[in-house]
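In this note's numbering, the protein residues as written are 771 to 1191.
Yeah, the Cβ is synthetic: ideal placement off N, Cα and C, and Gly gets one too.
Accompanying notes for the structure given below.
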């Protein structure tokens, strides 16, 4: 919307959408309601579905308007209102590393319905020369691309089509352009020494906390993923958390009695029984046996010796002693770790080759009920609470700490943009 926010003027990039497109698409009724609302925006009618539909028409129009208002710049960077930008890192890359002629359209690539396009909330960059070529081919892009956007799921897909028509496809510049936030970034070899340009879907509180961190840094080096981990994740690393989802979902172990009830998305990632070691064969039984999968990764565990131990305490101590013995003298063992965290729920254990904090599991909403309904629903509410408690996420804190210490300080690892596969 055309308005002033904190002293900055914003432009309405939908005001030039093709009139026929406006006429036949109901989301533009919502757009007109928003324009006509006389009160503060937060008090105007809201409709998340209509707002998301309108976004499809914004991207190409936004690019064209940026060129109109600030023509012939070397680079144009586009972000959303929930995107956080690490400006020193991004500006350094655009000025000293990026190749405008070779990589004129870069971002965090999404593949959908055969289209490769830049994820909007991660931000993306276009060279001025590429935008000029697009506008030379289609001086009035609204007439062509607004109609095309109607058939698209996201506006970025229409932009990708526009770029394709002038001979350029988007190139992958992930993880520098990044669709995660500090709490959900998958820290690992691929997300450690690399610089960070953007973070996506950030809340106002998260934006403020990263901004304060940036301002408080005494270090003049460019921000890397490892800095985000040490500041925002490491202080919260514990052995396990109930009612928590740390997003572990890469390799799963499902109990025989839970095969029929497990989601297909989990079944597709389960390890075959014939490929499991002795530790993995027990992984589905409890949160403790699930945690042991990461603790035992890379260790030579005798099945006979392990089964001879009759208590979980003894088995846990046995595995931990094995780990300490190997970690004491084997640097590559610590560095090559591929199991850092786990999640256990209803006979299903899933592990992950990276570590992240994740999110609390939101409690299920309980509607107000009259006295007759309350008695009937008490058992259902208790069952919901038990199901929430049953979700346990955990981290192999020792393994993570050893990996982090072994990695140590590292130089910036710039990633050259590549054609997405």
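On a CA-only basis, which of 994, 907, 784 and 910 is nearest residue 860? Give me that one, please. Selection 994, 907, 784 and 910 evaluated against residue 860 yields 994 as nearest (Cα-Cα).
Where does the unbroken alpha helix (DSSP H) through residue 828 begin, and where does it stop? Here the alpha helix (DSSP H) through residue 828 covers 828-839.
What residue from 1132, 1085, 782 and 1181 has the CA that sits closest to residue 959's CA? Restricting attention to 1132, 1085, 782 and 1181, the CA atom closest to the CA of residue 959 is found in 1181.
Report the rounded CA-to-CA distance for residue 1187 versus residue 940, giving the unit in angstroms. Taking the straight line from one Cα to the other gives about 9 angstroms.
Within 10 angstroms of the Cβ of residue 1081, are there 16 or more other Cβ atoms? Answer buried if so, exposed if not. exposed
Skipping 5 residues on each side, what residues in its chain have a beta carbon closer than 6 angstroms to that of residue 927? 885 and 887
Compare the C-alpha of residue 1106 against each of 1051, 1118, 1174 and 883 and name the closest. 1174
I need the boundaries of the beta strand (DSSP E) containing residue 1081, first residue and last residue. Careful: residue 1081 lies outside any beta strand (DSSP E) and carries neither H nor E.
Nearest-angstrom Cβ-Cβ length linking residue 854 and residue 771, presumed shorter than 8 angstroms: About 22 angstroms separates the two Cβ atoms, so there is no contact after all.
Three-state secondary structure assigned by DSSP to residue 944: coil
For the stretch 1010-1063, list the alpha helix (DSSP H) runs that are entirely contained and at least 4 residues long, ordered along the chain. 1034-1037 and 1048-1051
What are the boundary residues of the beta strand (DSSP E) that residue 930 is part of? Per DSSP, residue 930 belongs to no beta strand (DSSP E); it is in the alpha helix (DSSP H), 925-934.
Euclidean distance between Cα positions of residue 1123 and residue 1165: 11 angstroms
Assigned exposure category for residue 961 - 16 Cβ within 10 Å defines buried: Per the 10 Å Cβ criterion, buried.
Inspect the beta-carbon positions of residue 1016 and residue 1113 and report whether they are closer than 8 angstroms. In this structure, residue 1113 lies closer than 8 angstroms to residue 1016 by Cβ.
Proximity winner among 1170, 1093, 848 and 1060, relative to residue 1071 (alpha-carbon distances): 1093
Compute the Euclidean distance between the alpha carbons of residue 1048 and residue 1008, then round it to the nearest angstrom. Each residue's Cα considered, the two are about 26 angstroms apart.
DSSP three-state call for residue 773: helix, strand or coil? strand
Relative to the C-alpha of residue 825, which residue among 850, 843 and 803 is closest? 850
Three CB pairs or more closer than 8 angstroms across the stretch 874-882 and the stretch 977-994: no
What span of residues does the beta strand (DSSP E) with residue 1164 cover, start to end? 1162-1165
Sorted by chain position, which residues of the same chain lie with C-beta nearer than 7 angstroms to residue 784's C-beta, five sequence neighbours on each side aside? 801, 824, 827, 828 and 831
So what does DSSP say about residue 1124, is it helix, strand or coil? coil
Does the Cβ-Cβ distance between residue 1096 and residue 1088 come in under 8 angstroms? no
What's the gap between the Cα of residue 788 and the Cα of residue 804? 18 angstroms
Between the Cα of residue 1172 and the Cα atoms of 948, 906, 1098 and 874, which residue gives the shortest distance? 1098
Where does residue 778 fall in DSSP's three states? Three-state result, residue 778: strand.
In angstroms with no decimal places, state the Cα-to-Cα distance between residue 942 and residue 1076. Cα-Cα distance, rounded: 46 angstroms.
Between the Cα of residue 874 and those of 1033, 889 and 900, spot the shortest distance and give me the residue it belongs to. When C-alpha distances from residue 874 are compared across 1033, 889 and 900, the shortest belongs to 900.
For residue 979, three-class secondary structure by DSSP: Residue 979: helix per DSSP, three-state reduction.
Residue 1167: beta carbon under 7 angstroms from a heavy atom of the ligand SAM? Looking at this structure, you won't find the ligand SAM or any other ligand, since it has none at all.
Contact check, residue 918 vs residue 833 under 8 angstroms by CB: the rounded distance? At roughly 14 angstroms, the Cβ-Cβ gap does not stay under 8 angstroms, so residue 918 and residue 833 are not in contact.
Check whether the Cβ atoms of residue 949 and residue 932 sit closer than 8 angstroms, and answer yes or no. no
Give the single residue among 1078, 898, 1115 and 997 whose Cα lies nearest to the Cα of residue 856. 997
Should residue 1022 go down as buried or exposed, given a rule of 16 or more other Cβ atoms within 10 Å for buried? buried
Can you tell me the Cβ-Cβ gap for residue 1121 and residue 1018, rounded? I've got them flagged as a contact below 8 angstroms. Right, the Cβ-Cβ distance comes to about 6 angstroms (below 8 angstroms), so this counts as a contact.
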